[in-house]
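In the working numbering, the protein residues as written are 160 to 302.
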């Protein structure tokens, strides 16, 4: 009888687990960028840092942002600012890049340059063990 009850509960638990997993995946903001995106700069907000230690600071298991570049862009700049020491871990068609804030950048982590078309996952990390609100700016303007 106990085995039968367990077998009835197991499928329900599995379904609920999948529902919550799907909900978490759906929460990752997805942004499409092309040559005419507006406004420029596009400003996104979130929380930096996480529980996963990486070579690019502490990050979350899921990306902070997903950026879909729909056509190759000769120039695009991502800049992240926070009260802490933010990092950008970007994984895309051109490879994986880690950018850390430093004193010469005024405490910002920034990656400018050519961006080929494709899907980029962006983790906004933190060098300390804390989490901070961040502002991520995406622009085609060269300062």
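Every residue, glycine too, gets a C-beta built ideally from N, C-alpha and C.
Residues of the same chain with a CB within less than 6 angstroms of the CB of residue 209, apart from the 5 flanking positions on each side, are 217, 218 and 219 in chain order.
Segment contact: the stretch 259-272 against the stretch 191-207, fewer than three CB-CB distances shorter than 8 angstroms; contact not assigned. Going by DSSP, residue 204 is part of the beta strand (DSSP E) stretching over 201-206. Annotation for residue 301: 234, 236 and 271 place their beta carbon closer than 8 angstroms to its own, counting only its chain and skipping 5 residues before and after.
In the structure shown, residue 241 falls within a strand segment according to DSSP collapsed to helix, strand and coil. If the five residues before and after residue 230 are omitted, its C-beta is found closer than 8 angstroms to the C-beta atoms of 193, 194 and 276, all from its own chain and listed in chain order. Note on geometry: alpha-carbon atoms of residue 242 and residue 200 lie some 20 angstroms from one another. Spatial neighbours of residue 296 in its own chain (CB-CB distance under 6 angstroms, excluding positions within 5 residues in sequence) are listed in chain order as 200, 202 and 238. Cβ neighbours of residue 240 within its own chain (closer than 6 angstroms, five residues either side excluded): 267 and 294.
Between residue 245 and residue 207, the gap from beta carbon to beta carbon is short of 9 angstroms.
Residue 296 sits in a strand when the DSSP states are folded into three classes.
Residue 261 and residue 250 have their C-alpha atoms spaced approximately 21 angstroms apart. When the Cα atoms are used, residue 215 and residue 247 turn out to be separated by approximately 7 angstroms. Taking 9 angstroms as the cut-off, the Cβ atoms of residue 281 and residue 226 count as close.
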